[in-house]
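**Student:** Chains as they are written, first to last, in my numbering: chain A, 120 to 317; chain B, 120 to 317; chain C, 120 to 317; chain D, 120 to 317; chain E, 120 to 317; chain F, 120 to 317. Virtual Cβ for every residue (Gly too), placed ideally from N, Cα, C. My questions will all concern the structure given below.
Number of protein chains: 6
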Amino acid sequence: ERNKYENNDVAGVVTGLAWTQVGGDILFIESILSKGKGVLSVTGNLGKVMKESATLALEYIKSNAAELKLDPSIFEKYNVHIHVPEGATPKDGPSAGITMLTSLVSLFTQRKVKKSIAMTGEITLRGKVLPVGGIKEKILAAKRAHIKEIIMCSENERDIKEINEDYLKGLTFHYVNDMSEVLAVALTNEKVKNAKEL
Amino acid sequence: ERNKYENNDVAGVVTGLAWTQVGGDILFIESILSKGKGVLSVTGNLGKVMKESATLALEYIKSNAAELKLDPSIFEKYNVHIHVPEGATPKDGPSAGITMLTSLVSLFTQRKVKKSIAMTGEITLRGKVLPVGGIKEKILAAKRAHIKEIIMCSENERDIKEINEDYLKGLTFHYVNDMSEVLAVALTNEKVKNAKEL
Amino acid sequence: ERNKYENNDVAGVVTGLAWTQVGGDILFIESILSKGKGVLSVTGNLGKVMKESATLALEYIKSNAAELKLDPSIFEKYNVHIHVPEGATPKDGPSAGITMLTSLVSLFTQRKVKKSIAMTGEITLRGKVLPVGGIKEKILAAKRAHIKEIIMCSENERDIKEINEDYLKGLTFHYVNDMSEVLAVALTNEKVKNAKEL
Amino acid sequence: ERNKYENNDVAGVVTGLAWTQVGGDILFIESILSKGKGVLSVTGNLGKVMKESATLALEYIKSNAAELKLDPSIFEKYNVHIHVPEGATPKDGPSAGITMLTSLVSLFTQRKVKKSIAMTGEITLRGKVLPVGGIKEKILAAKRAHIKEIIMCSENERDIKEINEDYLKGLTFHYVNDMSEVLAVALTNEKVKNAKEL
Amino acid sequence: ERNKYENNDVAGVVTGLAWTQVGGDILFIESILSKGKGVLSVTGNLGKVMKESATLALEYIKSNAAELKLDPSIFEKYNVHIHVPEGATPKDGPSAGITMLTSLVSLFTQRKVKKSIAMTGEITLRGKVLPVGGIKEKILAAKRAHIKEIIMCSENERDIKEINEDYLKGLTFHYVNDMSEVLAVALTNEKVKNAKEL
Amino acid sequence: ERNKYENNDVAGVVTGLAWTQVGGDILFIESILSKGKGVLSVTGNLGKVMKESATLALEYIKSNAAELKLDPSIFEKYNVHIHVPEGATPKDGPSAGITMLTSLVSLFTQRKVKKSIAMTGEITLRGKVLPVGGIKEKILAAKRAHIKEIIMCSENERDIKEINEDYLKGLTFHYVNDMSEVLAVALTNEKVKNAKEL
Ligand SMILES: [Ca+2]
Ligand SMILES: [Ca+2]
Ligand SMILES: [Ca+2]
Ligand SMILES: [Ca+2]
Ligand SMILES: [Ca+2]
Ligand SMILES: [Ca+2]
Ligand SMILES: [Ca+2]
Ligand SMILES: [Ca+2]
Ligand SMILES: [Ca+2]
Ligand SMILES: [Ca+2]
Ligand SMILES: [Ca+2]
Ligand SMILES: [Ca+2]
């Protein structure tokens with residue numbers, strides 16, 4: 120499943136870790152821009168809280184356009200659509216926040232996302248990263264999907280310490296407190312192939 | 120039932136495979152354009168996820184207008200209406216995604232849809248095709264309706280392999296990973312009769 | 120009850136056949152135009168699917184304006200209101216589709232509707248007519264209301280064949296596959312008295 | 120209670136007959152105009168069907184502006200607000216239709232409503248008056264409120280005939296089939312005091 | 120609690136009497152203007168009927184601008200916000216109508232509200248005052264809050280007569296039929312301190 | 120948890136005290152401005168009453184722009200987004216009112232919020248502060264989070280007096296009646312680092 124995205128030379132596709140009723144799973148956040156007036160739309164059978172994460176992510180980016188070296192006028196010239204595939208599965212909760220934000224920053228900057236990396240964490244309007252639940256199940260899902268690096272909130276480190284070491288082999292953890300750290304780890308400085316001029 | 124559509128010299132009518140409470144069934148996706156401002160409307164007693172598929176399909180087309188050789192200005196000059204007949208039956212789920220996208224590309228390009236072909240598969244914003252459920256029941260329904268070719272996700276091939284060969288006689292399967300493959304198989308290069316100038 | 124409408128020299132009033140919890144019934148579709156911007160509104164305690172039929176009917180007409188000899192600019196200059204009387208009774212289902220479409224075509228062309236005719240059938244965006252349920256009960260209701268001709272989908276002919284011949288005496292059936300056939304039967308070529316100039 | 124309205128030298132206040140869970144009752148329809156853009160708003164704890172009656176009434180008036188000697192431009196220059204007092208009581212059903220229409224015609228023409236008259240009846244888009252239920256209870260309520268004349272659909276005459284004559288003493292009934300008859304009976308040709316210039 | 124408002128040199132704050140599940144209570148209606156386009160917004164955990172009262176109050180004022188000596192253009196230049204404090208308590212029903220209208224007239228005229236006065240009564244679009252329920256409980260609550268004068272509908276006088284005289288000591292009642300009487304009693308002719316120029 | 124915000128050199132982040140199903144807790148109100156047209160949006164899995172608090176807070180500020188030395192034109196040039204982190208927890212009730220208002224005033228004035236201070240209290244449209252519930256649980260939560268000063272309504276002082284003195288050690292209480300007092304205590308006169316020019 121993950122291979123579909125592995126070779127992703129496109130911007131805006133990021134792997135997240137989700138906690139569903141049947142255990143942990145990986146999910147993908149996709150986002151695209153189309154000419155428009157700054158409308159944000161979201162699909163993928165998402166609940167209210169997960170939709171709010173998308174709004175938060177976009178607001179954070181708008182508010183930090185300067186730091187992210189983005190021309191603020193692009194927010195008024197494009198519509199943003201975020202999709203989370205596998206529409207048959209209802210999805211909710213705040214833990215896709217950092218994944219959504221990474222997706223959007225990749226999209227707006229056209230920077231390539233690192234390979235074999237996944238992430239889970241709530242985001243705040245100020246760019247803080249908050250801890251989330253279901254860490255053990257998410258780690259197992261990440262391993263099954265051959266993920267190599269994982270980004271999460273530093274307050275989730277204690278959850279990792281409670282997991283049997285054998286399960287953690289081959290995984291590198293990045294503990295973060297701020298979105299800027301997420302972006303520094305997750306995004307390369309390379310532009311995607313055929314990067315769009317925004 | 121299918122004969123109604125068989126002779127379809129009009130653009131935008133595509134046969135899908137659905138999985139309903141009473142087993143597999145074929146369904147038809149119809150779409151038309153009318154002069155307007157780019158509004159998408161959807162009818163046919165559809166649930167939230169199936170409506171999202173329509174949005175996804177249109178977003179994908181807008182985002183890939185160049186590859187599809189479409190003038191982006193048409194999206195602002197026409198309204199698009201997608202309908203799934205048999206309003207008495209509630210319909211939902213992501214599996215009509217590739218059918219909807221094929222319908223819209225036929226509509227915008229005025230290319231003829233291949234005869235006796237049906238399809239089922241979820242679509243992502245990036246044009247990936249995802250596997251769906253109910254494959255066995257859908258195949259039986261396709262046979263009853265004299266379908267000859269079926270398009271589905273390559274990950275659904277394993278579902279086909281579990282079906283008794285007798286049921287598969289006379290059917291050709293096209294396993295795909297991307298929407299571009301769906302379109303290459305499903306759409307002819309011939310324009311429909313009385314093709315509209317958009 | 121029906122006599123109220125029998126002498127209808129006005130455009131847009133058409134008799135349909137409905138299947139309610141207390142058996143078959145006739146219903147009337149009324150529609151009027153008022154100066155406006157192309158807004159469609161619908162009243163009569165209608166459910167979601169019946170409202171969708173109204174949208175479908177109007178979309179079909181817009182898309183086939185040329186064939187119907189309608190100036191497309193009228194759709195932007197008038198609002199359309201469709202009403203189904205007897206507001207105390209909730210109404211739903213797709214079977215009023217052809218009745219609604221006939222009503223709107225009569226309205227836009229100001230052509231007189233044939234006398235003593237009733238109809239039942241689902242409509243698709245492409246103008247196909249689909250079969251509907253409750254045929255026996257609808258026929259009985261039509262007889263009680265002194266209807267003489269009935270239009271329905273050719274696939275509903277098998278339902279008529281299962282009805283005792285005695286019940287069918289005095290009724291003429293028109294079996295159709297396309298909306299164009301419905302209109303050819305149901306609408307006269309005569310304009311209504313005091314026909315509006317649109 | 121009724122006395123509050125008896126001396127009504129204002130346009131737009133009309134007495135209706137309602138059938139509630141605690142028996143028949145009289146109700147008042149009030150309407151006012153304010154400078155605006157043609158928006159219709161409705162208050163009074165009304166259900167969906169009763170709100171639709173308000174829409175129907177206004178549409179009928181717009182569509183028959185010429186016959187009612189109304190300048191069509193007024194519909195775009197004023198907002199209309201219809202209120203049904205006694206907000207603690209939920210109200211629904213189609214039977215206030217003719218009362219609402221009479222109220223609005225009084226309002227737009229500034230013609231005085233006849234004294235001591237009440238009415239009940241469903242209205243259609245074409246101005247037909249349909250029969251309604253609860254006639255016996257409504258008559259008793261009208262008598263208690265010293266109503267002298269009552270307007271209803273001619274098909275409700277049979278309900279009146281089933282009522283003991285003693286209850287009907289002092290009441291005059293107007294049986295009608297069309298809205299034009301309602302207006303002829305209910306509205307005087309006198310303008311209200313301080314009639315507005317529209 | 121009431122003392123917070125007692126010294127109110129601001130316009131738009133009026134004391135109402137409410138009937139809640141735990142007995143009678145006083146409530147405060149606050150309203151403010153801000154530069155805008157005539158939007159009315161309402162907060163305070165209000166139900167549908169209480170929100171309708173706010174709409175009615177504003178419509179009445181617009182329709183009677185001349186009598187109230189208000190320049191009609193102010194309704195388009197300001198937004199109005201009405202709030203009923205104590206958001207933890209859901210509030211509904213029509214009885215705050217006269218309190219809301221008094222609040223808004225105070226606001227638009229910048230006239231001071233009389234001290235130690237409270238009121239309860241439904242309002243109609245034409246400015247009539249209707250009786251409400253829970254009078255005994257409301258009187259007890261008014262006494263506890265050291266209210267001295269109470270305005271209510273003249274039809275509620277019979278409810279007062281059923282209350283033991285001892286409970287009524289120190290209270291003056293104003294029985295009214297029209298909003299104009301409410302305003303005459305409740306509003307002083309003095310402008311509030313720092314009255315706004317509208 | 121609180122440390123994330125302790126060092127907050129940014130405007131608009133304020134600590135509140137909440138009463139949840141699992142006892143008292145601290146919560147953070149974040150707010151940011153982005154170029155826009157004065158739209159207020161709110162996220163954080165908030166209920167109706169808590170959303171109303173945000174509206175109230177913004178209305179109060181608009182109405183008191185002069186006193187707060189704010190140029191009224193900024194309200195039309197920026198969108199305001201308020202977020203309450205920890206999206207997995209539903210939040211409701213009026214008690215975050217003063218926290219939201221403090222957050223917005225800090226945002227619009229770019230004044231620094233005092234360190235180690237938390238608050239709880241309902242706000243009214245006129246800037247009064249009302250008492251709230253759950254005081255004991257909130258105090259315990261504040262202590263656990265190393266809060267040093269707490270702002271609440273003077274009517275909540277009686278709740279503090281019922282708490283064992285040992286629990287109150289190290290806490291300073293500010294009892295207030297008006298929002299102006301909240302702001303005087305909670306906001307410093309120092310601008311935040313890199314204060315925005317609005
Ligand atoms: Ca999967
Ligand atoms: Ca999965
Ligand atoms: Ca995630
Ligand atoms: Ca079927
Ligand atoms: Ca399908
Ligand atoms: Ca009937
Ligand atoms: Ca029908
Ligand atoms: Ca009554
Ligand atoms: Ca209280
Ligand atoms: Ca009250
Ligand atoms: Ca917490
Ligand atoms: Ca709080």
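Locate the beta strand (DSSP E) running through B/Leu-146, then write down its first and last residues.
**Tutor:** Start and end: 142-154.
**Student:** Taking the beta carbon of F/Ala-388 as the centre, do at least 16 other beta carbons fall within 10 Å, making it buried, or is it exposed?
**Tutor:** The question about residue 388 of chain F has no answer here: the residues shown for chain F are numbered 120 through 317.
**Student:** Nearest CA to the CA of A/Ser-225: which residue from A/Lys-156, A/Leu-177 and A/Gly-157?
**Tutor:** Comparing Cα-Cα distances from A/Ser-225 to each of A/Lys-156, A/Leu-177 and A/Gly-157, the minimum goes to A/Leu-177.
**Student:** Give me the Cα-Cα distance between F/Ile-217 and F/Leu-306, rounded to the nearest whole angstrom.
**Tutor:** Cα-Cα distance, rounded: 12 Å.
**Student:** Please report the straight-line C-alpha distance between E/Ser-182 and E/Val-304, rounded to a whole angstrom.
**Tutor:** Their backbone Cα atoms lie some 21 Å apart in a straight line.
**Student:** DSSP three-state label for B/Arg-245, please.
**Tutor:** In the structure shown, B/Arg-245 sits in coil (DSSP, three-state: anything other than H, G, I, E or B).
**Student:** Can C/Trp-138 and C/Ser-214 be called in contact, C-beta distance under 8 Å?
**Tutor:** In contact: C/Trp-138 and C/Ser-214 (Cβ atoms closer than 8 Å).
**Student:** Looking at C-beta atoms only, is the number of pairs between the region 266-281 of chain D and the region 234-244 of chain D that lie closer than 8 Å three or more?
**Tutor:** The region 266-281 of chain D vs the region 234-244 of chain D: in contact.
**Student:** Would you mind working out which of D/His-200, D/Glu-281 and D/Val-251 sits nearest D/Val-158, comparing C-alpha positions?
**Tutor:** Considering only alpha carbons, the answer is D/His-200.
**Student:** Start and end of the beta strand (DSSP E) containing B/Thr-162?
**Tutor:** Residues 159-162.
**Student:** Quick one: does C/Ser-172 have its CB under 8 Å from some CB of chain D?
**Tutor:** For C/Ser-172, the answer is no, since every Cβ of chain D falls outside 8 Å of its Cβ.
**Student:** Kindly give me the distance between the Cβ atoms of A/Gly-143 and A/Leu-259, rounded to whole angstroms, as I take these residues to be in contact under 8 Å.
**Tutor:** The Cβ separation is near 6 Å, so the contact holds.
**Student:** How is A/Asn-308 classed by DSSP in three states: helix, strand or coil?
**Tutor:** Here A/Asn-308 sits in strand by DSSP.
**Student:** When you compare the CB positions of B/Phe-227 and B/Ile-180, do they come within less than 8 Å of one another, or not?
**Tutor:** Closer than 8 Å, so yes.
**Student:** Would you tell me roughly how many angstroms separate the C-alpha atoms of C/Lys-170 and F/Val-203, rounded to the nearest one?
**Tutor:** Going from the Cα of C/Lys-170 to the Cα of F/Val-203 covers about 40 Å.
**Student:** Mapping the DSSP letters down to three states, classify D/Ala-137 as helix, strand or coil.
**Tutor:** Correct three-state label for D/Ala-137: strand.
**Student:** Is the beta carbon of A/Lys-257 closer than 8 Å to that of A/Gly-289?
**Tutor:** No, Cβ-Cβ distance for A/Gly-289 and A/Lys-257 is not below 8 Å.
**Student:** Report the residue from F/Lys-156, F/Gly-155, F/Ser-160 and F/Val-248 whose alpha carbon sits nearest the alpha carbon of F/Glu-149.
**Tutor:** If we check each option's Cα against that of F/Glu-149, F/Ser-160 comes out closest.
**Student:** Compare the C-beta of C/Glu-276 against all C-beta atoms of chain B and say whether one is closer than 8 Å.
**Tutor:** Not one chain B Cβ lies under 8 Å of C/Glu-276.
**Student:** With C/Ile-180 as the anchor, note down where its alpha helix (DSSP H) starts and where it stops.
**Tutor:** First-last of the alpha helix (DSSP H) with C/Ile-180: 167-182.
**Student:** Taking Cβ positions only, does A/Thr-239 come closer than 8 Å to chain B?
**Tutor:** A/Thr-239 does not count as touching chain B.
**Student:** Per DSSP, which residues does C/Lys-288 bridge with? Please list them.
**Tutor:** C/Lys-288 pairs with nothing; no bridge assigned.
**Student:** Just reading off the alpha helix (DSSP H) that E/Lys-315 is part of, what are its end residues?
**Tutor:** Per DSSP, E/Lys-315 belongs to no alpha helix (DSSP H) and is neither H nor E.
**Student:** Mind checking who B/Asn-198 pairs with in its DSSP beta bridge?
**Tutor:** According to DSSP, B/Asn-198 bridges with B/Ser-153.
**Student:** In the region 188-210 of chain A, which residues sit with their C-beta less than 7 Å from some C-beta in chain F, listed in chain order?
**Tutor:** So the close ones are Pro-191.
**Student:** At the 8 Å Cβ level, is A/Ser-182 part of the contact set with chain B, yes or no?
**Tutor:** So, not an interface residue.
**Student:** Could you tell me the alpha carbon to alpha carbon distance between F/Arg-121 and F/Arg-263, rounded to whole angstroms?
**Tutor:** The pLDDT assigned to F/Arg-121 is 48, lower than 50, so where the model puts this residue is not dependable; a value taken from the coordinates is nonetheless given after this. Their backbone Cα atoms lie some 10 Å apart in a straight line.
**Student:** So A/Val-224 is in the alpha helix (DSSP H); what residue range does that whole segment cover?
**Tutor:** Counting along the chain, the alpha helix (DSSP H) containing A/Val-224 begins and ends at 216-228.
**Student:** What did DSSP end up calling A/Ile-266 once you bin it into helix, strand or coil?
**Tutor:** If DSSP states are grouped into helix, strand and coil, A/Ile-266 belongs with coil.
**Student:** Nearest-angstrom Cα distance between D/Glu-186 and D/Ser-299?
**Tutor:** Cα to Cα, the separation comes out at about 10 Å.
**Student:** So with CB distances below 8 Å, who are the chain B contacts of C/Lys-167?
**Tutor:** Under the 8 Å cutoff, chain B gives Asn-164.
**Student:** Do you know offhand how far F/Lys-188's Cα is from A/Gln-229's?
**Tutor:** Cα to Cα, F/Lys-188 sits roughly 42 Å from A/Gln-229.
**Student:** Could you check whether B/Lys-154 and B/Glu-195 sit closer than 8 Å to each other, using their CB atoms as the reference points?
**Tutor:** Not in contact: B/Glu-195 and B/Lys-154 (Cβ atoms no closer than 8 Å).
**Student:** Does the distance from the C-beta atom of C/Gly-246 to that of C/Asp-211 stay below 8 Å?
**Tutor:** No, the pair does not count as a contact, with Cβ atoms beyond the cut-off.
**Student:** Kindly list, in the order they appear in chain B, the residues whose Cβ is closer than 7 Å to that of C/Thr-139.
**Tutor:** Ordered by position in chain B, no residue passes the 7 Å Cβ test against C/Thr-139, which lies about 14 Å from the chain.
**Student:** So which residues of chain E does D/Lys-154 contact, with C-beta pairs closer than 9 Å?
**Tutor:** Chain E residues near D/Lys-154: Lys-181, Pro-191, Phe-194 and Glu-195.
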